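Notes follow once the structure below has been shown.
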């Protein structure tokens with residue numbers, strides 16, 4: 123009898139502990155159930171927030187060369203200038219530089235075109251005469267050569283551009299600049315050399331050599347002057363600016379920084 127009452131007493135003493143553990147177990151099971159239900163919702167919320175904060179690369183389209191050229195031409199037509207002393211015609215090498223700041227000539231119009239090739243300048247070359255510039259710089263041809271055109275193709279188109287631009291204007295053809303090793307189709311360095319040789323022979327225009335100032339001993343664009351093997355760093359534009367400075371000073375003496 124004593125043994126039975128002792129066992130009963132022991133069970134009774136354990137009941138509060140078992141009850142507490144049971145409540146703890148219930149809380150754990152309930153928490154797990156809630157967590158299992160909440161996890162998908164949390165993942166969905168995370169994915170939604172991430173999608174909202176991440177730029178939609180599928181909605182960002184690469185630049186369309188034809189549309190860019192068309193828009194640039196339309197923007198130029200918005201100009202309220204009636205006259206300027208100097209015009210800069212060319213491609214992205216021209217358009218990317220703040221030429222008024224570089225030269226100190228406020229009466230200068232930058233007519234460069236992103237992706238511009240020689241034929242893209244034909245219309246602008248003829249229209250430029252209406253502004254009676256004293257000096258017109260033309261730096262063009264590298265995009266043609268990068269696209270696979272031959273030196274003969276480029277020179278033929280430049281002669282057409284000269285025919286539309288030169289009469290009545292002082293026209294300066296700038297050499298096609300070198301590109302870095304590995305840029306462009308095979309043999310592009312030789313094609314650039316041929317174009318520059320031909321530019322120096324075109325009558326009724328002047329020729330400004332920049333190539334020799336920017337090329338290394340092998341004829342490639344010096345690494346210190348370029349950002350990507352084609353376009354120029356500030357040091358490259360400094361060379362260009364200094365080479366053109368005497369001509370700029372003649373055309374824009376009152377406005378050119380000394």
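Numbering (my numbering), first residue to last: 123 to 380. Positions of the beta carbon are idealized from the N, C-alpha and C atoms, including for glycine. No experiment lies behind these values; they were computed from the predicted model shown.
Cβ-based neighbour list, residue i, same chain, cut-off 8 Å, excluding 5 preceding and 5 following
i, result
"residue 268", "301, 305, 306, 307, 310 and 352"
"residue 405", "Only positions 123 to 380 of the chain appear in the structure, and residue 405 is not among them; the question remains open."
"residue 361", "332, 335, 336 and 347"
"residue 251", "287, 289, 290 and 291"
"residue 200", "none"
Contact set for residue i: own chain, Cβ-Cβ below 6 Å, skip 5 residues either direction
i, result
"residue 337", "300"
"residue 214", "236"
"residue 260", "211 and 295"
"residue 248", "286"
"residue 219", "359"
"residue 297", "318, 331, 332 and 333"
"residue 293", "258, 287 and 327"
"residue 216", "210, 234 and 261"
"residue 329", "295, 321 and 322"
"residue 315", "none"
"residue 238", "213"
Beta-bridge partners of residue i, as assigned by DSSP
i, result
"residue 232", "210"
"residue 253", "According to DSSP, residue 253 bridges with nothing at all."
"residue 261", "212"
"residue 295", "260 and 329"
"residue 337", "343"
"residue 348", "354"
Whole-number beta carbon distance between residue j and residue i, since they are thought to touch under 8 Å
i, j, result
"residue 211", "residue 243", "5 Å"
"residue 231", "residue 209", "5 Å"
"residue 317", "residue 277", "6 Å"
"residue 321", "residue 365", "With 8 Å as the limit, residue 321 and residue 365 do not qualify as a contact, their Cβ atoms being about 15 Å apart."
"residue 233", "residue 246", "6 Å"
"residue 369", "residue 357", "At roughly 21 Å, the Cβ-Cβ gap does not stay under 8 Å, so residue 369 and residue 357 are not in contact."
Residue interval of the beta strand (DSSP E) (run including residue i)
i, result
"residue 204", "It is not in any beta strand (DSSP E) - residue 204 carries neither H nor E in the DSSP assignment."
Residue i - containing alpha helix (DSSP H), residue span
i, result
"residue 359", "356 to 373"
"residue 225", "221 to 225"
"residue 276", "273 to 287"
"residue 317", "310 to 321"
Cβ shell of residue i (< 7 Å), same chain only, five flanking positions each side left out
i, result
"residue 349", "355"
"residue 255", "206, 207, 208, 209 and 291"
"residue 324", "281, 284 and 295"
"residue 375", "none"
"residue 343", "299, 300, 301, 302, 336, 337 and 351"
"residue 363", "224 and 225"
"residue 240", "262, 263, 266, 276, 279, 280 and 283"
"residue 390", "Nothing about residue 390 can be reported from this structure: the residues present for the chain run from 123 to 380 only."
"residue 270", "307"
"residue 373", "207, 208, 256 and 257"
Chain B within 9 Å of residue i, Cβ atoms only
i, result
"residue 352", "Checking the listed chains, one finds no chain B in this structure; it contains a single protein chain."
Residue i CB to nearest heavy atom of the ligand MN below 8 Å
i, result
"residue 326", "Only the bare structure without any ligand can be found here, which leaves the ligand MN out of the picture."
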